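Under our numbering, the first sequence has 117 at position 117, and the numbering climbs by one with no breaks. The C-beta atom is built at its ideal place from N, Cα and C for all residues, glycine as well. Note that the coordinates shown come from a computational prediction; the quantities given were computed from them, not determined experimentally. Since the structure comes first, as structure tokens, the remarks are kept for the end.
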Amino acid sequence: MLDLKFVRNNPDVVKDALKKRNANISLEPFLKLDEQWRQKLAEAEKLKNKRNVVSEEIGRLKKAGRLAEDLVLEMREVSAAIKDMDDEIRLLEQKIQLTLLEIPNLPDQSVPVGLDENDNVEVRRWGEPRQFGFEPKPHWDIGEALDIIDFERGSKVTGARFTFYKGAGAALERAVINFMLDTHTREHGYVEVLPPFMVNSNSMIGTGQLPKFAEDMFKIENTDYYLIPTAEVPVTNLYHGEILEAENLPIYHCAYSACFRAEAGAAGRDTRGLIRQHQFNKVELVKFTRPEESYKELEKLTANAEKILQLLGLPYRVVTLSTGDLGFSSAKTYDIEVWLPSYNAYKEISSCSNFVDFQARRANIRFREGKSKPRFVHTLNGSGLAVGRTVAAILENYQTENGTVKIPEPLQPYMGGKTEIN
RNA sequence: GGAGAGAUGGCCGAGUAGGUCGAAGGCGGUCGCCUGCUAAGCGAUUAUACGGGCUAAAACUCGUAUCAAGGGUUCGAAUCCCUUUCUCUCCGCCA
């Protein structure tokens, strides 16, 4: 959420940002509502002041043993008027709030202006895509042939885009999760959190999934709970409504969770394999920082995620998302894309974003430095990494001509010393 | 699921026969004094949000709101009533 006062005082800056994002939102209704609201508020507050002053007077008179019927009668009417005005004001506030909640974040100056993902800018590459001496197979064929991934039974038991991992497949998934968590906690200084996999709507508003993107999520019937689309939601909201100690910043958390996405509007995309599932595993990195440090921390967070791919020996590239491809809450995002032979392309495996104070304002997460007023922290997060896609990348990049898969060295201790899936 | 108790400021904790309570006291924080240094001590100060005024912006100032959340009674609610949420204790159930 943007600062109400900022939008009021800098409508042109906001309009310009919306244009860069190709967001079709007009600010005019908002500005008009804000004007109305402030006027009504001033009127109501004047009346409330009168009521307070006179009520005090009534108390004084009664104590002195005098009656004050005329004043009581007058105040009865004033109170009724106040009630009506408060109703109007509340209605205006709700409208303003809703508008504000649906305005996306302002892109950072350094974000390339563009229409869509085609305008994303490559920042760097690591590793060389392997030259196969044979026709490489896609991971869904490898997984089925080795009997370690079962797509068909996933569909039978639940539905499309749900999958069973089996035997060495399940073990590999678990190994990747543990390897990532251990690396981030031991090497990169993150404190592990194991969050709830459901959150209430307030938390979803805090990180920006609601009110705009309700159709992307699974809601639990007859409750206010949603399945989390990412651990970002519970972990960022960990400090919802809190004032943090400045000396404790930055706070680094990493978290494993299952992630649930309705994938509304993704029909026909990535229909085969592990790439686009309704449920997948992810290790998430979340940071709370001082405003001055957030962009430096974004670089570090991205590097932490890249490190996993380097250790696993998976080629990747990093791109800066253009204004047209930037997520709703983000001010700047780097996508890390891993090389997938089946796609003959780099495919997103991590998204590292700086939300600046956008989420912090929604979730009311602040910090206090000495005696100064509380300020909003900056929040960041990134996948460190998407586990299913990592497993897919391992299967494809480490496949052998005879259909087996070599296990990357760092994962072998997590697989009981096993070096190959066959 | 049943019965009961509770929710007050950064923290702890007073305050309920409604009235000057944004809220005693303590802790913590900040500033000053004192002390060879540290500790201790003394004094002062210390909520947040929003709106208006004044500003380049602050500071400042005026006002409003906030004692879990929402509603009600009343001229007036931290205090009374209702609903919801959460916490704790006991019982039941359960991995």
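Exposed or buried, N118, counting other C-beta atoms within 10 Å across all chains shown (16 or more means buried)? Exposed, since its Cβ has fewer than 16 Cβ neighbours within 10 Å.
Alpha carbon to alpha carbon, what distance is there between D357 and V235?
Rounded to the nearest whole angstrom, the CA to CA distance from V235 to D357 is 16 angstroms.
Does DSSP put R423 in a helix, in a strand, or in coil? Examination of residue 423 is not possible in this model, given that the chain is present from 1 through 422 alone.
Open item on the list: So if DSSP puts M198 in a beta bridge, which residue, or which two residues, is it bridged to?
Closed with: DSSP, once it has assigned bridges, lists L227 as partnering M198.
| said: With H, G and I counted as helix, E and B as strand and the rest as coil, what does DSSP make of F151? | reply: In the structure shown, F151 sits in a helix (DSSP, three-state: H, G or I).
DSSP bridge partner residues for G382 (one or two, in chain order): G382 pairs with L285 and C352.
Check your understanding: Going by alpha carbons, who is nearest to D147 out of P129, G167 and M217?
Key -> Residue G167 is the option with its Cα nearest to D147.
Leaving aside the five residues before and after T302 along the sequence, list all residues of the same chain whose C-beta is less than 6 angstroms from its C-beta, in chain order. Closer than 6 angstroms at the Cβ level, and outside the excluded window around T302, lie Y334 and C352.
*asked:* Let me check one thing: in DSSP terms, what residues is L340 bridge-paired to?
replied: Assignment of beta-bridge partners to L340 by DSSP yields A345.
ask   = Is F132 helix, strand or coil by DSSP?
value = Here F132 sits in coil by DSSP.
Exercise. Use the C-beta contact count for A81: other C-beta atoms within 10 angstroms, 16 or more gives buried, fewer gives exposed.
Key: Burial state of A81 is exposed, judged by a 10 Å Cβ sphere holding fewer than 16 other Cβ atoms.
query: From L298 to N354, what distance separates their C-alpha atoms?
result: When rounded, the distance between both Cα atoms is 6 angstroms.
Which listed residue (Q277, H184 and R124) has its alpha carbon closest to that of H253: The option with the nearest alpha carbon to H253 is H184.
Beta-carbon within less than 7 angstroms of E293's beta-carbon, same chain only, minus the 5 sequence neighbours each way: which residues are those?
Closer than 7 angstroms at Cβ, skipping near neighbours: P250.
Practice problem: Leaving out five residues on either side along the sequence, give the residues of the same chain with a beta carbon under 6 angstroms from the beta carbon of F164. | Solution: Once the five neighbours on either side are set aside, the close Cβ partners of F164 are D150, R153 and G154.
- request: Could you please give me the residues that DSSP links to V78 through a beta bridge?
  value: Answer is none; V78 lacks a bridge partner.
What would DSSP say about V123, mapped onto helix, strand or coil? DSSP, read as helix, strand or coil, puts V123 in strand.
Using the Cα positions of N248 and F6, report the straight-line distance between them to the nearest angstrom. Spanning the alpha carbons of N248 and F6 requires a straight line of approximately 28 angstroms.
Quiz prompt | Three CB pairs or more closer than 8 angstroms across the stretch 120 to 136 and the stretch 312 to 331 | solution = The answer is yes - the stretch 312 to 331 touches the stretch 120 to 136, with three or more Cβ pairs under 8 angstroms.
Just the Cα atoms here: how many angstroms apart are R368 and D70?
Between R368 and D70, the C-alpha separation is close to 49 angstroms.
*Taking A262 and D224 to be in contact with their CB atoms under 8 angstroms, please state how far apart those CB atoms are, rounded to whole angstroms.*
The C-beta separation of A262 from D224 comes to about 17 angstroms, leaving the pair out of contact by the 8 angstroms criterion.
*On the DSSP bridge assignment, give the partners of H253 in chain order.*
Under DSSP, H253 takes part in a beta bridge, and its partners are V191 and V286.
Output the distance between the C-alpha atoms of Y226 and Q94, rounded to the nearest integer angstrom.
Taking the CA atoms as reference points, Y226 sits about 23 angstroms from Q94.
Is there contact between the stretch 31 to 40 and the stretch 84 to 101, where contact requires at least three CB pairs shorter than 8 angstroms? These segments touch.
- Message: Per the DSSP calculation, R317 is bridged to which residue(s)?
- Response: BP columns for R317 point to R125 and E337.
- [ ] Kindly list the residues whose CB is nearer than 7 angstroms to the CB of L92, restricted to its own chain and excluding five residues on each side of it in sequence; keep chain order.
- [x] Non-local C-beta neighbours of L92 in its own chain, meaning closer than 7 angstroms and more than five positions away in sequence, comprise L33, Q36, W37 and K40, ordered along the chain.
Subject >> Range covered by the beta strand (DSSP E) that runs through E245 >> reply: E245 -> beta strand (DSSP E) spans I243 to E245.
For the alpha helix (DSSP H) containing Y295, list its first residue and its last residue.
Where Y295 is concerned, the enclosing alpha helix (DSSP H) stretches over S294 to L312.
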